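For the working numbering, count along the sequence shown from 1 and bump the result up by 152. We treat Cβ as the ideally placed atom computed from N, Cα and C, and that holds for glycine. Owing to the predicted nature of the structure, the values given are computational and were not obtained by experimental measurement. Take a look at the structure set out below.
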Amino acid sequence: MLTYLEDLGTLAVRKALDLTVQKVSRRGFLGGSATFALAVYATDASAFERWKTGGTDMPHGVVEDPMVFVSIDADGTVTLVAHRSEMGTGARTSLPMIMADEMEADWDRVVIVQAEGDEPKYGNQNTDGSRSMRHHIQAARKIGGSVRHMLAAAAAERWGVSASEVVVENHVVRHGDKSLGFGDLAEAAMAMPVPAHEDIAYKSPDAFRYTGKGEVQITDLHDITTGKAVYGGDVTVPGMKVAMAVRPPVVGGKVVRFDASEALALPGVVGVYELPHSIPPAGFAPLGGVAVVADDTWTAIKARDLITIEWDDGPHAGYNSDTFMEEMKATALEKGNALRTQGDPDGAFANAARVFGHTYTGDHIAHIAMEPPVALAQVQGGMAEIWAPVQSPYQARTDIAAALEMDVANVKVNVTLLGGGFGRKSKADFATEAALLSKMAGVPVRMQWTREDDVRHSFYHTTSAERIEVALNAEDRVTGWRHNSVAPSIVSTFAPDSGYQFPVENGMGHVDVPFDIANISCENGKAMAHTRIGWFRAVSNVPRAFAIGSFVGELAAELGRDEKEMWLELIGAPRTIDPAASGFPETYWNYGEPPGQGFDIQTGRLAHVLETAAAGIGYGKALPDGEGIGLAVHRSFVSYVGCAAHVKMVDGRITVPELHLAIDCGFAANPERIASQMEGAAVMGMTVALDSSITYRDGAVVQANYYDYDVVRADNFPRKVVTHIVPHDFATPSTGVGEPGLPPIAPAIANAVFKASGTRRRGLPMGRTI
153 MLTYLEDLGT
163 LAVRKALDLT
173 VQKVSRRGFL
183 GGSATFALAV
193 YATDASAFER
203 WKTGGTDMPH
213 GVVEDPMVFV
223 SIDADGTVTL
233 VAHRSEMGTG
243 ARTSLPMIMA
253 DEMEADWDRV
263 VIVQAEGDEP
273 KYGNQNTDGS
283 RSMRHHIQAA
293 RKIGGSVRHM
303 LAAAAAERWG
313 VSASEVVVEN
323 HVVRHGDKSL
333 GFGDLAEAAM
343 AMPVPAHEDI
353 AYKSPDAFRY
363 TGKGEVQITD
373 LHDITTGKAV
383 YGGDVTVPGM
393 KVAMAVRPPV
403 VGGKVVRFDA
413 SEALALPGVV
423 GVYELPHSIP
433 PAGFAPLGGV
443 AVVADDTWTA
453 IKARDLITIE
463 WDDGPHAGYN
473 SDTFMEEMKA
483 TALEKGNALR
493 TQGDPDGAFA
503 NAARVFGHTY
513 TGDHIAHIAM
523 EPPVALAQVQ
533 GGMAEIWAPV
543 QSPYQARTDI
553 AAALEMDVAN
563 VKVNVTLLGG
573 GFGRKSKADF
583 ATEAALLSKM
593 AGVPVRMQWT
603 REDDVRHSFY
613 HTTSAERIEV
623 ALNAEDRVTG
633 WRHNSVAPSI
643 VSTFAPDSGY
653 QFPVENGMGH
663 VDVPFDIANI
673 SCENGKAMAH
683 TRIGWFRAVS
693 NVPRAFAIGS
703 FVGELAAELG
713 RDEKEMWLEL
723 IGAPRTIDPA
733 ASGFPETYWN
743 YGEPPGQGFD
753 IQTGRLAHVL
763 ETAAAGIGYG
773 KALPDGEGIG
783 LAVHRSFVSY
793 VGCAAHVKMV
803 DGRITVPELH
813 LAIDCGFAAN
823 PERIASQMEG
833 AAVMGMTVAL
843 DSSITYRDGA
853 VVQANYYDYD
863 VVRADNFPRK
873 VVTHIVPHDF
883 ATPSTGVGEP
893 GLPPIAPAIA
903 NAVFKASGTR
913 RRGLPMGRTI
C-alpha cells in the first residue's frame with residue numbers, strides 16, 4: 153500500500169523502521185531557492201530541451217494550455233487542476249507542484265482541484281503504466297512557464313517597461329520599487345496570448361524552488377491524517393441508497409433463474425434487479441448477476457444473502473488452476489512461437505557442452521487495494537453523474553455512457569481519492585453497475601463491493617510458466633539463451649483469445665532481456681484464458697523478473713560464481729541496445745516510448761543500480777548460518793531498479809530484516825514520493841513473493857478474504873528499507889516510478905532464501921516457511 157501518512161507520528165515510525173532515502177550524489181538540483189528575473193532565465197536548449205514521449209500517442213494526447221489548468225483569483229489564490237487520479241503516487245501533488253514552481257507561485261497560496269473525466273479538455277487521464285510524470289512533466293513546466301511569462305508581460309504593459317526587466321518571485325511581480333501581486337495582475341495576465349514553447353524563458357533546474365527537493369508534502373496530507381479526505385465510499389447525496397450484488401461465480405456464467413422473495417420482504421429493501429449479462433470478451437463490462445438496492449449497507453448485505461440463484465456456469469466451469477499450471481509447464485518445455493531471434497540460438501544449443509535450465513511459475517494475483525471497489529451514481533432526467541475512485545475517469549465515462557445508451561456529453565464522472573489502485577481501478581465495472589442500478593431503481597445508488605467481492609470477481613494478474621535455458625561451452629561460459637513464456641493474455645479480456653501474448657506483454661521483461669549474449673531466442677507458448685485477465689502493478693514484468701532473476705542466481709550457484717559478478721557478466725559493458733540489431737521483433741513495445749529520446753535500454757544504468765543496492769546492503773559481508781543476501785535487477789517502465797534483500801531463517805520461517813532498492817528514473821522531480829513508492833513496492837513485492845495466490849476450482853475462485861489471501865504483515869516487514877535514488881539533471885527524461893520497484897523484489901528474496909536455507913523456490917508465491 154502506497155503510504156500518504158507523513159505526519160509526525162508516521163515520521164516517528166519511519167525513523168524507527170529506518171525507512172530512509174539515500175541520494176547517491178547531491179549534485180546541482182538540490183540547490184536552494186533564488187530570485188528570478190525574466191531576463192536571467194536560461195533560454196538555451198540545455199535549460200529545457202524538449203524530448204518526444206509516447207504521451208502524444210495516447211488517446212487525446214497531452215494538453216499544455218494554461219487556460220485549462222490554471223486560474224488566479226483577485227486575492228492571489230492560484231488554483232491548479234490535477235487531471236491524474238491520486239492513489240498514493242503523488243501525481244495530484246507533483247504535477248501541480250511543477251506548474252507552481254515554473255510560474256513562481258507560493259505553494260502556500262495554491263489550491264488544487266481534481267479534474268472530472270474529460271480527456272478532450274485535459275488530455276489523457278489514464279493513470280496507470282507509470283506515465284504521469286513521464287508524459288506530463290514537460291507539459292507542467294510549459295503551463296507554469298506560460299503563466300509566469302503572461303504575468304510578467306501584463307506587468308510590463310501596465311508599467312510601460314520591457315518584460316525582460318520584470319522580476320517574478322514567489323507570488324510577487326516587481327520592477328524596481330514597484331510591485332504587484334498575482335491577484336492584481338490576474339485578469340490582465342490571463343488575457344495575454346499564451347506564448348509558444350520557444351518564447352518562454354524557463355528556469356534552469358538549479359533554480360527550482362520545489363521541484364527535485366522532496367520537501368513539498370502531498371496536498372491532501374492534512375485531510376487524510378484527520379479523516380476528512382474523501383474516498384469513493386465517503387460520498388453521499390440526498391436520497392442515496394446502497395447496492396450489493398451476487399455475481400456469477402464463474403466468468404461467463406449467467407443467471408438461469410432467481411428467487412428474491414425473502415429479500416424483498418426485508419424492511420428497507422428498495423428492489424432486487426438482474427444486472428445485464430456480459431459475454432467474454434467484454435472489456436470492462438460488469439459480469440452480470442443479481443443486485444439488491446436498500447436503504448443502508450447492512451440491509452443490502454442481509455438481503456443479498458437471502459437471494460437464491462440458479463447459474464449456468466458457462467464454458468469455463470471446468471477451469472482448475474492446478475491442472476492448468478501443469479499444462480503450461482508442459483507447453484513451456486516445447487518450442488514456442490519465435491518472438492526474438494538474435495544470432496544462431498539453435499546452433500548454440502546444438503553445440504553446447506551442456507544445457508542448464510529451469511521453469512518458474514506464478515499463480516493468478518488479485519490487487520486487493522485497501523479500499524474495495526465502490527461508486528455512487530445518480531441517473532435522472534437523461535443525465536448521469538458518477539463519483540468514483542477510478543484510475544481512468546474518461547474510460548469510465550465512455551463505458552457508462554455506452555451501458556446507459558446515453559451520449560457521453562450527458563455523463564459526468566467525478567474522481568475521488570483512491571484507497572489504492574494497482575491497475576484494478578482502471579477497470580470501472582463497479583461504476584457501470586452503480587449507473588445501471590440507479591437507472592433501474594430511479595434513485596441515487598452507491599454500489600459497494602465487499603472484500604469477498606473484490607477477491608472473487610477481479611481482473612486478475614495472469615498465471616504463468618517461464619522456461620529459461622542457457623547453452624554453456626566447455627569453459628562454462630554462456631553462449632546461448634532461450635526463454636519460453638507461457639501465460640494467458642490480457643488481450644483476451646478485450647478480443648477473441650488467440651492464446652498468445654501480445655507485443656505490449658512481450659516487451660515487459662521478455663524480448664527486451666538486456667544480456668550481452670551472442671545467441672538469444674525469446675519464444676511464446678499458447679495458453680488460453682479462463683478468467684478475466686487484467687493488469688496488476690508492473691504487469692508481465694512480475695513473472696519475467698522473477699524467472700530471470702532467480703535463474704541468474706541459480707546459474708551463479710551452479711557454476712560456483714559470485715551472484716553479483718554473474719549479473720554484471722551477463723549485462724555486459726555499458727551500451728545502448730539497438731533493438732533491430734539485437735533481433736527484437738518489429739512490434740517491440742518500449743512502454744510506448746519512441747527510440748532515440750533517452751528511453752532506450754542502457755545497460756550501464758542497469759548495472760549501476762545493481763551495484764548501488766549491493767553496496768548499500770553490504771553485499772559480500774560475512775553472515776551467520778541461516779542468513780543470506782540475494783540480488784536482482786530489472787528494467788521496466790523505462791526505469792532501472794536494483795534490489796538487495798537480506799533473508800534470515802527463523803525456525804524455518806522466512807524473514808527479511810533489510811531491503812535496499814536503488815532506482816534510476818531519470819530526473820527525480822519529487823524524491824519524497826519516489827521513496828514512498830519504493831516502500832510501497834517493498835510491501836507489495838514481499839506479498840507477491842511470499843503470499844499472493846488466487847486459485848480456481850471448477851471455474852470459481854477459491855480464496856475470499858485476507859484469511860486465505862494473505863498479505864505481508866508488520867511482523868515480517870523489513871525493519872530497514874533504504875531507497876537509493878540515482879540523480880540526473882533535467883536533460884535525462886523522467887521515467888516510471890509507481891511500478892518498477894516491484895519486479896526485482898521476489899527474485900532477490902528467492903536468491904537470498906537459497907543462500908540462507910539451501911532451498912530453491914521456483915514458484916510464486918514461495919510461502920513463508922521452508
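Check: According to DSSP, is Thr460 part of a helix, a strand, or is it coil?; Outcome: strand
Check: Please classify Tyr193: is it buried, with 16 or more other beta-carbons within 10 angstroms of its beta-carbon, or exposed?; Outcome: Low local confidence applies: a pLDDT of 39 at Tyr193 is under 50, so the model's placement there is unreliable, with the coordinate-based value given in what follows. It is buried - the Cβ of Tyr193 has at least 16 other Cβ atoms within 10 Å.
Check: In the DSSP assignment, find the beta strand (DSSP E) that holds Glu618 and state where it starts and stops.; Outcome: 616-624
Check: Spell out a yes or no on whether the stretch 742-751 and the stretch 201-219 are touching, meaning 3 or more CB-CB pairs, one atom from each, closer than 8 Å.; Outcome: yes
Check: Do the stretch 470-482 and the stretch 830-850 make contact, defined as three or more Cβ pairs closer than 8 Å?; Outcome: yes
Check: What's the gap between the Cα of Arg678 and the Cα of Glu486?; Outcome: Position check: residue 678 holds Lys in this sequence, whereas Arg was assumed. Approximately 10 Å between the Cα atoms of the pair.
Check: I'd like the span of the alpha helix (DSSP H) that includes Ile723, first residue to last.; Outcome: 715-723
Check: Quick check: Val394 and Asp448, are their CB atoms within less than 8 Å of each other?; Outcome: yes
Check: Could you work out which residue in Glu256, Leu783, Ala234, Asn868 is closest to Gly770 when comparing CA atoms only?; Outcome: Leu783
Check: By Cβ distance, which residues of its chain are closer than 6 Å to Ala189, with the 5 residues on each side in sequence left out?; Outcome: Since pLDDT at Ala189 reaches only 35, below the 50 mark, its modelled position is unreliable, and no value is offered.
Check: For my contact list, Glu268 and Lys577 are in at a C-beta cut-off of 8 Å; report their separation, rounded to the angstrom.; Outcome: Not a contact, Cβ separation roughly 16 Å.
Check: Please state the DSSP three-state secondary structure of Ala164.; Outcome: With a pLDDT of 32 at Ala164, under the threshold of 50, the modelled position of that residue is not reliable, and no figure is offered here.
Check: Assuming Val325 contacts Ala307 under a Cβ cut-off of 8 Å, what Cβ separation, rounded to an integer in Å, is found between them?; Outcome: 4 Å
Check: Decide if Ile431 is buried, meaning its Cβ has at least 16 other Cβ atoms within 10 Å, or exposed.; Outcome: exposed
Check: Considering only residues of the stretch 832-893, which uninterrupted alpha helix (DSSP H) runs meet the minimum length of 4 residues and lie entirely inside it, listed in chain order?; Outcome: none
Check: Could you tell me whether the stretch 851-870 touches the stretch 804-819, where touching means 3 or more Cβ pairs closer than 8 Å?; Outcome: yes
Check: Evaluate contact between the stretch 678-693 and the stretch 637-651, counting only Cβ atoms and requiring at least three cross-stretch pairs below 8 Å.; Outcome: yes
Check: Can Asp605 and Pro524 be called in contact, C-beta distance under 8 Å?; Outcome: yes
Check: Just to confirm the assignment, what range does the alpha helix (DSSP H) spanning Arg202 have?; Outcome: Segment: none, Arg202 is in no alpha helix (DSSP H) and carries neither H nor E.
Check: With a threshold of 7 Å (Cβ to nearest heavy atom), would Phe736 be considered close to the ligand FAD?; Outcome: Inclusion of the ligand FAD in the displayed structure is not the case, the ligand content being empty and no account of it being possible.
Check: Which of the three DSSP states is assigned to Val313 in this structure?; Outcome: coil
Check: Just to confirm, is the Cβ distance from Ile264 to Thr363 under 8 Å?; Outcome: no
Check: Are Leu569 and Pro545 touching if we call contact CB-CB under 8 Å?; Outcome: no
Check: In the DSSP assignment, what residue or residues form a beta bridge with Asp559?; Outcome: DSSP output for Asp559 lists no bridge partner at all.
Check: Would the beta-carbon of Val840 fall within 8 Å of that of Pro917?; Outcome: yes
Check: Quick check: the Cα distance between Val630 and Val622, rounded to an integer number of angstroms?; Outcome: 6 Å
Check: What does DSSP give as the partner residue(s) for Leu427 in the beta ladder?; Outcome: Gly441
Check: Assuming Arg492 contacts Gly735 under a Cβ cut-off of 8 Å, what Cβ separation, rounded to an integer in Å, is found between them?; Outcome: 5 Å
Check: Going by C-alpha to C-alpha distance, which of Met239, Leu247, Ala234 sits closest to Lys925?; Outcome: Residue 925 cannot be examined here, being either before or after the span of the chain that is shown, 153 to 922.
Check: Rounded to whole angstroms, what is the Cα-Cα separation between Met219 and Met342?; Outcome: 7 Å
Check: Just how far apart, CA to CA, sit Val790 and Ser886?; Outcome: 9 Å
Check: Can you say whether Thr728 is buried or exposed, counting buried as having 16 or more other CB atoms within 10 angstroms of its CB?; Outcome: exposed
Check: Once you ignore the five residues that flank Val761 on each side, which residues in its own chain have a CB closer than 7 Å to its CB?; Outcome: Val785, Tyr792, Val793, Gly794, Ala814, Ile815, Asp816, Val878
Check: Note down the Cα distance separating Val905 from Arg865, rounded to an integer number of angstroms.; Outcome: 19 Å
Check: Report, in whole angstroms, the separation of the C-beta atoms of Arg914 and Ser702, which I expect to be a contact under 8 Å.; Outcome: 7 Å
Check: Do the CB positions of Ala827 and Thr884 come within less than 8 Å of each other?; Outcome: no
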